[in-house]
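Q: Numbering that gives the first Met the number 0 puts the first residue of the sequence shown at 0, with every later residue one more than the last.
Glycine residues also receive a C-beta, built at the ideal position from the N, C-alpha and C atoms.
The structure under discussion is supplied below as structure tokens; questions concerning it will follow.
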Amino acid sequence: MVRREPRQLPTPALHLSPEAVAAMREDLPVVAERVVQTIVEEVPSYVAAFDGSMGETIRNAVQLALGGFLTLASGRRGVDLRTPAPAMEGAYQLGRGEARSGRTTDALLAAYRIGARVSWREMSTRAVDAGLDGQTLAAFAELVFAYIDELSAASVAGHEDELATTGRVRTRLLERVARALLDGSPEDAVLEAAERADWPPPTTLTAVLVPRSQVRPVLGLVPPATLEAGETSGADEVGVLLVPDAHGRSRGALLRTLRGRGAVVGPSRPWLEVRTSYVRARRAHALGLRDDTEAHLPTLVLTADPEALADLRARALAPLADLRPATAEKLTETLRSWLLHQGRREDVAADLFVHPQTVRYRLGQLREAYGDRLEDPRTVLDLTLALGVAEPEPVSEN
């Protein structure tokens, strides 16, 4: 937290008599009340702010500020606003309180302008009654408005610091909600984390993986209640977002928003079950798949158990095992296309960019290798599953 360093204020020789200063101090409660009343009348957002303890706090802050000014204006040696002062601290804390109350710096600065005007009117009247000449009164005015400027700057700094602190705390609390969901924490622990973060649970959550360079831009495009998981084990190169209520028709809008950003979008799940969406998105990412995981379901299913798939491929392609590797590769490629195109020779030829006669020749070799088994539904099923996707890469379990 860095507070604004106050500048040296002008401290002209005002020559206020002790009696005048004492009289002004006696008037402070009345002046403070008039400042408060005028602020309430002219700044609508403060109408309810002065009720109860908050109003008393602000009244005390006004009196403290005016008292600090009189100390400065009295010409006492050693008064320096660059040193910690109760008035400056009070202004700073007032700014923090205003941020916690949800009011903006616009309202706060308007209140200061009104306070300066009313204070100057009341205190200058007393100063004139005390016999100040025109030159000294001008110096008095300069000091009043310079002092108010410093107090308003301190309040703005307090307001900004409070917002920054509150934002960091809330970010950490929301990250804990995301981590609890992804770690599979007990439901009561997740609900407690959501309550502490003041995060209203949605109907569904959708896990989205995006490159870290895209996290900030994407967060600006998805619903504000989206959770960011922060650092996630095994996903250092991507950020993890949990997007609320992106199911049904809303899913299409989410996919359009993420198009071209290298994202992987898991399925929508009831919010407490979003870990399953995250696991699927992670598996798709590990396989090099992008965009909508719903478009890659066959690949995800067939690669769910890589070792089992490898065993199935080895068994299904055993009749080609004794052939030369180059021949076995061509026949495997032809067999896969034949299965996927349901035996339509012209389509297989177009898929493989070969002449239909070449397809006929290769199919003859396959029938020689497999015999009648190519007519067996179980063998066809095994071959379809074994060759349904490209040779899979090992899938990380993290």
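Is the region 106 to 116 in contact with the region 128 to 138, if contact means three or more CB pairs nearer than 8 Å?
A: No, because fewer than three Cβ pairs between the region 106 to 116 and the region 128 to 138 fall closer than 8 Å, the two stretches do not touch.
Q: Relative to the C-alpha of L208, which residue among A280, L254, A245 is closest?
A: Per the Cα distances, A280.
Q: Out of curiosity, what's the CA-to-CA distance linking L150 and D128?
A: If I take the Cα positions, the gap works out to 27 Å.
Q: I'd like to know whether the C-beta atoms of L382 and L334 end up nearer to each other than 8 Å.
A: Yes.
Q: Rounded to the nearest angstrom, what separates Q364 and P318 at their Cα positions?
A: Computed Cα separation, rounded: 11 Å.
Q: R175 and A152 look like a contact to me (Cβ under 8 Å); what is the Cβ gap, rounded to whole Å?
A: That belief does not hold up - the Cβ atoms of R175 and A152 are roughly 35 Å apart, past 8 Å.
Q: Under a Cβ-count criterion, where at least 16 other Cβ atoms within 10 Å of its own Cβ denotes burial, should Q356 be classed as buried or exposed?
A: When all chains shown are included, Q356 counts as exposed.
Q: Give me the Cα-Cα distance between G77 and A179, rounded to the nearest whole angstrom.
A: Here the model assigns G77 a pLDDT of 43, short of 50, so the residue's position is not dependable and the matter cannot be decided.
Q: To the nearest angstrom, report how far apart R24 and G157 are at their CA atoms.
A: If you take the alpha carbons of R24 and G157, they lie about 27 Å apart.
Q: Round the Cβ separation of G114 and P85 to the nearest angstrom and send it over; I've been treating them as touching at under 8 Å.
A: About 17 Å; that fails the 8 Å criterion.
Q: If you draw a straight line from the alpha carbon of L316 to that of R366, how long is it in whole angstroms?
A: Roughly 13 Å between the two C-alpha positions.
Q: Look up D79 in the DSSP assignment and say whether it is helix, strand or coil.
A: Below a pLDDT of 50, predicted positions are generally treated as unreliable, and D79, at 48, falls in that range; no measurement from the model is reported.
Q: Relative to the alpha-carbon of V189, which residue among T165, W270, T225 has its alpha-carbon at the smallest distance?
A: Ranking the options by Cα distance to V189, first place goes to W270.
Q: So, using beta-carbon positions, are A408 and V358 closer together than 8 Å?
A: Since the first residue of the chain shown is 0 and the last is 397, residue 408 is not available in this structure.
Q: What separation, rounded to the nearest whole angstrom, lies between the Cα atoms of T170 and M87?
A: In a straight line, the C-alpha of T170 is about 30 Å away from that of M87.
Q: CB-CB under 8 Å to W119, same chain, minus the five flanking residues each way: which ones, in chain order?
A: Here the set comprises A140, V143, F144.
Q: Can you check the region 256 to 309 for any alpha helix (DSSP H) of at least 4 residues that lies completely inside it and give the ranges in chain order?
A: The region 256 to 309 contains these whole alpha helix (DSSP H) runs: 273 to 285, 296 to 301.
Q: Helix, strand or coil: how does DSSP classify V237 here?
A: In the structure shown, V237 sits in a strand (DSSP, three-state: E or B).
Q: Would you kindly work out how many angstroms separate the C-alpha atoms of L301 and V278, rounded to a whole number?
A: If you take the alpha carbons of L301 and V278, they lie about 16 Å apart.
Q: Of the residues G130, E191, L386, A245, which one's Cα is nearest the Cα of V273?
A: Residue A245 is the option with its Cα nearest to V273.
Q: By the DSSP assignment, the alpha helix (DSSP H) with L93 in it spans what residues?
A: Unbroken alpha helix (DSSP H) run through L93: 85 to 99.
Q: Rounded to whole angstroms, what is the Cα-Cα separation between A177 and V263?
A: Cα to Cα, A177 sits roughly 17 Å from V263.
Q: Kindly indicate which residue of E186, I38, G261, T70 has the alpha-carbon position closest to the one of S212.
A: With distances taken between Cα atoms, S212 lies closest to G261.
Q: Can you check which of these residues, L204, T165, G342, E194, is closest to L181 by C-alpha distance?
A: Comparing Cα-Cα distances from L181 to each of L204, T165, G342, E194, the minimum goes to L204.
Q: Can you tell me which residues form a DSSP beta bridge with V209?
A: In the DSSP output, where bridge partners are listed per residue, V209 has G238.
Q: T225 by DSSP, collapsed to three states: which one?
A: In this structure, T225 counts as coil in the three-state DSSP scheme.
Q: Only counting the same chain, and skipping five residues up and downstream in sequence, which positions put a Cβ closer than 6 Å to that of S154?
A: Correct list, in chain order: A90, L93, G94, L107.
Q: Taking only three categories from DSSP, how would you classify P200?
A: Coil, per DSSP.
Q: Give the list of continuous beta strand (DSSP E) stretches no shorter than 3 residues that lie fully inside the region 317 to 370.
A: None, since the region 317 to 370 contains no complete beta strand (DSSP E) of that length.
Q: Does L63 get closer than 8 Å to chain C when you measure Cβ to Cβ?
A: Structure shown: chain C not included; a single protein chain is present.
Q: Mind reading off the beta-carbon distance from G387 to P297? Whole number of angstroms is fine, and I expect it under 8 Å.
A: Rounded, the Cβ-Cβ distance is 6 Å, consistent with contact.
Q: Consult DSSP for P243 and reduce its assignment to one of helix, strand or coil.
A: Note: P243 maps to strand in three-state DSSP.
Q: Would you identify the three-state DSSP class for D132, choosing helix, strand or coil?
A: It is coil, neither helix nor strand.
Q: Skipping 5 residues on each side, what residues in its chain have a beta carbon closer than 6 Å to that of R344?
A: Excluding sequence neighbours, R344 sits near P355, V358.
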